[in-house]
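So the structure is just underneath, and the comments pick up after that.
Protein chains in written order, with the working numbering: chain Y, 24 to 274; chain L, 200 to 546.
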């Protein structure tokens, strides 16, 4: 579905990404793993045509660079890391913004397809009961699900997530990934996610890209990428030993 | 509790009726009192050719048609312009305290107008129009100057920094225009006009001059309602939802500053309208711009008509500057909004 080939990004003469290549196929959950500042978010920005890059990114054999943002947004939805809201929106208001790219006349109401997609997204993320609640009165975990529903209502084929479980407790982290897993198995869907939690990555993803300072350490099937050696090279600590140590401390 | 769109429609019709009642009241009340039915009869006859007005004195007709009606229309245009511009700026900056006066746009526009008046530089045919153009240009420049400086200081463009920069710029800009007026015209009355505003000089030709600009800006902004809605989730998120954010932002800011600049050129600097009207509207119709904008337009118009009525009747025969009345209400409501906003932040 998405082919990234020899992607390189230079900002102020500093190489942020160097020759990154990967393919995303249907029903993949592709995770991008790496230390802070390794260029993970820059990959997302490149895919969304939001930054200058060399190399090619092809969406269904069409070069992303030739597409405008309103076309890209019909295929790709992005869930951002931080959400800031100043006004007292309702949950339904926020989720329905996902339909923006499909309807553009000023006073038009949501049509049946819009309503159907919004309903589906809210059911999948289990926020239907919050429909009329104010966004100011719900918890962090619920807020993250609301924004996930917003992106799902956009009905993209590819969902890109930038640390979707940031600031969430363990149960909510697992909840979010269960929702994502379910969604990714639908026809023609795939997910790219930036993630820090190696356990979640291991449990839920199919493929992974491990990067360090903009350079690929490993890329491919999950169990081939997250090896003891690769993780040690990426994080400069023995992740495997560390996890064993922690686990042994559990009583 | 959240109201459903259906009740918004009824509320909008009620707002329209209230607006028309305020208009008729404004035309009727004044140094010469004219009965309501005569006001309605004269307007219907002059505009639509309906009914017979042969029994109404010529003086009354003149007062209605050439003095009070233009003033009411001017109040409508300026009131709705200021509050619409405020709503747009608040939406784009995600800042409930933003508006033409708090961002320094109005004061910037008055520099433009005073330069045009002081230097006497005018466009060949439309001399009145050159003041409007310079006001709009200066409004636009000030807005971008303030936002540029804020961005340099604080990349997150937090509410407080934006307002602080706006207020500082606003003071700076008003001193420049006061200086210009003192040096070039030596007329302190003009300073009062530019800092507190007045609708006293309204006439039909001025109304016709700004009506096209007003209509174009209003329709453009209404056309951009879906974009304004999406901007509520932040600029980056809006971009990924399919909005050409850069273009939308620049165009909407241009339309909003054109509305403010044009209003300042016509009636001076009337403060706080753009701040309090959208704030009050938001309390009732919440966050969908499909409702916020039309309600802001109609409420802003009603508000300025009624404050103008107060300003010219409370100390007859002289007139209170309208800015005194709007600021009197505005300052109190501004503090309440700020207090609520702070409290919510601290929780």
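Glycine residues also receive a C-beta, built at the ideal position from the N, C-alpha and C atoms.
Residue i at chain Y interface by Cβ criterion, 7 Å
{"i": "residue 425 of chain L", "result": "yes"}
{"i": "residue 486 of chain L", "result": "yes"}
{"i": "residue 429 of chain L", "result": "yes"}
{"i": "residue 293 of chain L", "result": "yes"}
{"i": "residue 436 of chain L", "result": "yes"}
{"i": "residue 546 of chain L", "result": "Low confidence applies to residue 546 of chain L: its pLDDT is 48, below 50, so where it sits in the model is not reliable enough to give any reading."}
{"i": "residue 535 of chain L", "result": "no"}
{"i": "residue 433 of chain L", "result": "yes"}
{"i": "residue 248 of chain L", "result": "no"}
{"i": "residue 532 of chain L", "result": "no"}
Rounded Cβ spacing between residue i and residue j (contact assumed at less than 8 Å)
{"i": "residue 273 of chain L", "j": "residue 466 of chain L", "result": "7 Å"}
{"i": "residue 485 of chain L", "j": "residue 447 of chain L", "result": "22 Å between Cβ atoms; not a contact."}
{"i": "residue 303 of chain L", "j": "residue 345 of chain L", "result": "5 Å"}
{"i": "residue 98 of chain Y", "j": "residue 31 of chain Y", "result": "Actually they do not touch by this definition, with Cβ atoms about 23 Å apart."}
{"i": "residue 55 of chain Y", "j": "residue 199 of chain Y", "result": "So it is not a contact: roughly 17 Å between Cβ atoms."}
{"i": "residue 284 of chain L", "j": "residue 399 of chain L", "result": "Wrong, their Cβ atoms sit about 23 Å apart, outside the cutoff."}
{"i": "residue 296 of chain L", "j": "residue 451 of chain L", "result": "Wrong, their Cβ atoms sit about 18 Å apart, outside the cutoff."}
Residue i - containing alpha helix (DSSP H), residue span
{"i": "residue 547 of chain L", "result": "There is simply no residue 547 of chain L to check, as chain L begins at 200 and stops at 546 in what is shown."}
{"i": "residue 144 of chain Y", "result": "135–147"}
{"i": "residue 445 of chain L", "result": "444–466"}
{"i": "residue 507 of chain L", "result": "488–512"}
{"i": "residue 308 of chain L", "result": "304–318"}
{"i": "residue 116 of chain Y", "result": "114–119"}
{"i": "residue 428 of chain L", "result": "424–430"}
{"i": "residue 201 of chain Y", "result": "193–207"}
{"i": "residue 67 of chain Y", "result": "63–70"}
{"i": "residue 131 of chain Y", "result": "No alpha helix (DSSP H) contains residue 131 of chain Y, which DSSP labels as neither H nor E."}
{"i": "residue 160 of chain Y", "result": "Premise fails: residue 160 of chain Y is in no alpha helix (DSSP H) and is neither H nor E."}
Closer than 7 Å to chain L by CB, residue i
{"i": "residue 275 of chain Y", "result": "Absent from the structure is residue 275 of chain Y, since the part of chain Y shown begins at 24 and ends at 274."}
{"i": "residue 148 of chain Y", "result": "no"}
{"i": "residue 160 of chain Y", "result": "no"}
{"i": "residue 101 of chain Y", "result": "yes"}
{"i": "residue 96 of chain Y", "result": "yes"}
{"i": "residue 109 of chain Y", "result": "yes"}
{"i": "residue 189 of chain Y", "result": "no"}
{"i": "residue 66 of chain Y", "result": "no"}
{"i": "residue 120 of chain Y", "result": "yes"}
{"i": "residue 134 of chain Y", "result": "no"}
{"i": "residue 35 of chain Y", "result": "no"}
{"i": "residue 92 of chain Y", "result": "yes"}
{"i": "residue 86 of chain Y", "result": "no"}
{"i": "residue 151 of chain Y", "result": "no"}
{"i": "residue 124 of chain Y", "result": "yes"}
{"i": "residue 116 of chain Y", "result": "yes"}
{"i": "residue 180 of chain Y", "result": "no"}
{"i": "residue 280 of chain Y", "result": "The structure shown does not extend to residue 280 of chain Y, since chain Y is modelled only from 24 to 274, so the question has no answer here."}
{"i": "residue 112 of chain Y", "result": "yes"}
C-beta atoms of residue i and residue j nearer than 7 Å
{"i": "residue 479 of chain L", "j": "residue 375 of chain L", "result": "no"}
{"i": "residue 274 of chain Y", "j": "residue 257 of chain Y", "result": "no"}
{"i": "residue 150 of chain Y", "j": "residue 186 of chain Y", "result": "no"}
{"i": "residue 227 of chain Y", "j": "residue 52 of chain Y", "result": "yes"}
{"i": "residue 472 of chain L", "j": "residue 308 of chain L", "result": "no"}
{"i": "residue 178 of chain Y", "j": "residue 140 of chain Y", "result": "yes"}
{"i": "residue 317 of chain L", "j": "residue 330 of chain L", "result": "no"}
{"i": "residue 340 of chain L", "j": "residue 460 of chain L", "result": "no"}
{"i": "residue 378 of chain L", "j": "residue 313 of chain L", "result": "no"}
{"i": "residue 237 of chain Y", "j": "residue 38 of chain Y", "result": "yes"}
{"i": "residue 218 of chain L", "j": "residue 390 of chain L", "result": "no"}
{"i": "residue 233 of chain Y", "j": "residue 241 of chain Y", "result": "yes"}
{"i": "residue 436 of chain L", "j": "residue 103 of chain Y", "result": "yes"}
{"i": "residue 361 of chain L", "j": "residue 294 of chain L", "result": "yes"}
{"i": "residue 433 of chain L", "j": "residue 92 of chain Y", "result": "no"}
{"i": "residue 469 of chain L", "j": "residue 512 of chain L", "result": "no"}
{"i": "residue 23 of chain Y", "j": "residue 101 of chain Y", "result": "Residue 23 of chain Y falls outside the range modelled here, since chain Y spans only 24 to 274, and no answer is possible."}
{"i": "residue 291 of chain L", "j": "residue 413 of chain L", "result": "no"}
C-beta neighbour in chain C for residue i, strict 7 Å
{"i": "residue 440 of chain L", "result": "Of the chains in the structure shown, none is chain C; the protein chains are Y and L."}
Where the beta strand (DSSP E) through residue i begins and ends
{"i": "residue 54 of chain Y", "result": "52–56"}
{"i": "residue 169 of chain Y", "result": "No beta strand (DSSP E) holds residue 169 of chain Y; the alpha helix (DSSP H) holding it covers 163–176."}
{"i": "residue 100 of chain Y", "result": "99–102"}
Margin query: Measuring CB atoms only, is the region 221–235 of chain L touching the region 489–505 of chain L, in the sense that at least three cross pairs come out at less than 8 Å?
Written below: yes
Checklist line | Given 8 Å, three or more beta-carbon pairs between the region 191–207 of chain Y and the region 24–42 of chain Y | finding: no
Checklist line | Validate contact between the region 424–434 of chain L and the region 348–363 of chain L using beta carbons, cut 8 Å, 3 pairs | finding: no
Note to self: If contact is defined by three or more beta carbon pairs under 8 Å, each pair taking one atom from either stretch, is the region 233–248 of chain L in contact with the region 260–267 of chain L?
What the structure shows: yes
Item checked: Stretch-stretch touch, CB-based, cutoff 8 Å, three pairs: the region 238–251 of chain L with the region 523–537 of chain L -> no
Notebook entry, point to check: Do three or more CB pairs link the region 77–90 of chain Y to the region 252–272 of chain Y at distances below 8 Å?
Noted result: no
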